[in-house]
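Accompanying notes for the structure given below.
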């Protein structure tokens, strides 16, 4: 402190200096920095004092730890011409620019990539002004929630009007502010907007929303106890915006937890979601694996409705993936269930599918049996369309096997079915097929008769008239 006392003693001996030296204090805004860095040091510019006094005052000010503001001392008295110019001390830090009280985000990040619209930090007028950091009160939450719902409606209106950019700008603002209402509310909004972004092929929006969901997932998983209900909602949000890898990984984690807790309803929900998601991506192996696990669960719980649903999904998967043996097993199981429930109207279509699968594995005998059963069941339930389809399959099979006589018998049955359903188009085509078989067998007279019956219907329908005339002329010319 000797330097400061000596300085004041010099000023007391020269009162003119005290009266004529105005002291100006200027507090500059600073960006936060680490302590004891050059940006936290004082910049001192002293003129009009002897070098010795300048050094004493500098040492005193630098010894303070309370962060004094910039001190500028400028003399208003004339300097003696005989005294050499005072020595100017080097600046202790670069001059800091004035900055506003708020910090607007730059248009781009340092690497030139677009900024994340969900991570902007500008103050928003929809948020209440808080003197201290604290959670929002129930009244403040209610007001904010209503304001965000209105914001969503404005975004929906802009979207309907074709202003896609304006709509997502509003939605992004909503998503930023939803954080203040808790992660549950935020996840729901992220899922809603993310699905729209996916449908509209907004790649950047999908990316930033997925990233935010991943951040929330990490936060939730780090809590104790873990909120598995919220994690399920996050997985569903991933699924809604087709973030398949993230959804599948989280679903698998939740499936393990559900089985540990013996939560059968949760296990069922997750397996259905996994099967649906994989099937939507045509990932048949993973989809069938999920539905097979669900089938085991349904049978263990004696849940017939769930079993029927699962078998239907597996039948679709095995058909599309060309797995006829597996398809036959699940389709026959469905037939057994429908028979036990006397739901015969659902059997004919399945029997035809089973016949198709037997054809695929080169078992025409079993295919024919299933087509015949399909026809009989459909006719008994007056499902004429199914009955006609079954007979058409059976007739085609006999033609392929060169069993033409059997084919003619089947086509006669098919004509009866078509007539009962008043299907003129089907009757015309059946006469055409019968005529072709007679022609192949050398029965030209019978072939002409069949083609003439077909021609009568063709003339009423004004369809394929020239074709049937040609068939008749060619046969008559022989």
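In the numbering used here, the protein residues as written are 430 to 907. Think of the CB as a built atom: it goes at the ideal place given N, C-alpha and C, for glycine as much as any other residue.
Q. Closest by CA to residue 777, which one among 878, 760, 886, 618?
A. 760
Q) What residue does the alpha helix (DSSP H) around residue 694 start on, and which one ends it? A) 693 to 709 is the extent of the alpha helix (DSSP H) around residue 694.
Q: Pick helix, strand or coil for residue 786, following the three-state DSSP scheme.
A: helix
Q) In three-state DSSP terms, what is residue 838? A) helix
**Q.** Pairwise C-alpha distance: residue 696 and residue 821
**A.** 44 Å
Q. Is residue 731 helix, strand or coil when you go by DSSP?
A. coil
Q. Would residue 666 be called buried (16 or more neighbouring beta carbons within 10 Å of its own) or exposed?
A. buried
(Q) Are the CB atoms of residue 619 and residue 593 within a distance shorter than 7 Å? (A) no
(Q) For the structure I just gave you, are there three or more beta carbon pairs, one from the region 592 to 611 and one from the region 625 to 636, closer than 8 Å? (A) Touching, per the Cβ criterion.
(Q) Our contact map puts residue 717 next to residue 746 with C-beta atoms below 8 Å; I'd like the distance itself, whole angstroms only. (A) 5 Å
Q: Out of 907, 691, 627, 846, point me to the one whose CA is closest to residue 808's CA.
A: When 907, 691, 627, 846 are compared, the shortest CA-CA separation from residue 808 is found for 846.
(Q) Using only the alpha-carbon positions, how far apart do residue 890 and residue 835 sit? (A) Distance between the alpha carbons of residue 890 and residue 835: 30 Å.
Q: Classify residue 592 as helix, strand or coil using the three-state DSSP reduction.
A: coil
**Q.** Boundaries (first-last residue) of the alpha helix (DSSP H) holding residue 768
**A.** Segment 753 to 769, the alpha helix (DSSP H) holding residue 768.
Q) What residue does the alpha helix (DSSP H) around residue 797 start on, and which one ends it? A) 793 to 809
Q: Drop a sphere of 10 angstroms on the beta-carbon of residue 799, count the other beta-carbons inside from all chains shown, and report buried for 16 or more, exposed for fewer.
A: buried
Q. From residue 829 to residue 711, what does the alpha carbon distance come to, in whole angstroms?
A. 33 Å
Q | Closest residue to residue 900 among 729, 880, 817, 581 (Cα-Cα distance) | A | 880
Q. Going by the CB atoms, is the gap between residue 904 and residue 873 shorter than 7 Å?
A. yes
Q | Integer Cβ distance of residue 609 from residue 659, believed to fall under 8 Å | A | At roughly 17 Å, the Cβ-Cβ gap does not stay under 8 Å, so residue 609 and residue 659 are not in contact.
Q.
Alpha carbons only, please: which of 733, 783, 781, 789 is nearest the one belonging to residue 767?
A. 733
Q | Neighbourhood of residue 863 by C-beta, 6 Å cutoff - its chain only, sequence neighbours within 5 removed | A | The answer, listed in chain order, is 840, 879.
Q | Residues near residue 865 in its chain [Cβ-Cβ closer than 6 Å; skip 5 each side] | A | Answer for residue 865: no residue qualifies.
Q | Pairwise C-alpha distance: residue 574 and residue 567 | A | Between the alpha carbons of residue 567 and residue 574 lies a distance of about 10 Å.
Q.
Threshold first: 4 residues or longer. Then list the alpha helix (DSSP H) segments lying entirely within the region 667 to 692, N to C.
A. 673 to 689
Q. Helix or strand or just coil, what does DSSP make of residue 714?
A. helix
(Q) So, at 7 Å on beta carbons, what are the nonlocal neighbours of residue 893 in its own chain, with the 5 sequence-adjacent residues on each side left out? (A) 887
Q) What does a CB cutoff of less than 8 Å around residue 545 pick up in its chain, not counting 5 residues either side in sequence? A) 637, 640
Q. Closest to residue 854 by CA distance: which of 869, 882, 870, 871 is it?
A. 882
Q: Reducing DSSP to helix, strand and coil, say where residue 545 ends up.
A: Judged by DSSP in its simplified three-state form, residue 545 adopts coil rather than helix or strand.
Q: Spatial neighbours of residue 656 within its chain, please: CB distance less than 6 Å, with the 5 preceding and 5 following residues excluded, ordered by chain position.
A: 649
Q: Look at the alpha carbon of residue 612 and the alpha carbon of residue 662, and state the distance between them as a whole number of angstroms.
A: 11 Å
Q: For residue 715, collect the residues of the same chain with a Cβ closer than 6 Å to its Cβ; drop the 5 residues on either side in sequence, then sort them by chain order.
A: 707
Q) Looking at the structure shown, is residue 578 part of a helix, part of a strand, or coil, going by DSSP? A) helix
Q | Assigned exposure category for residue 859 - 16 Cβ within 10 Å defines buried | A | buried
Q: Could you check how far apart the C-beta atoms of residue 728 and residue 704 are, in whole angstroms? I think they sit under 8 Å.
A: Going by Cβ atoms, the distance from residue 728 to residue 704 rounds to 16 Å, so no, they are not a contact pair.
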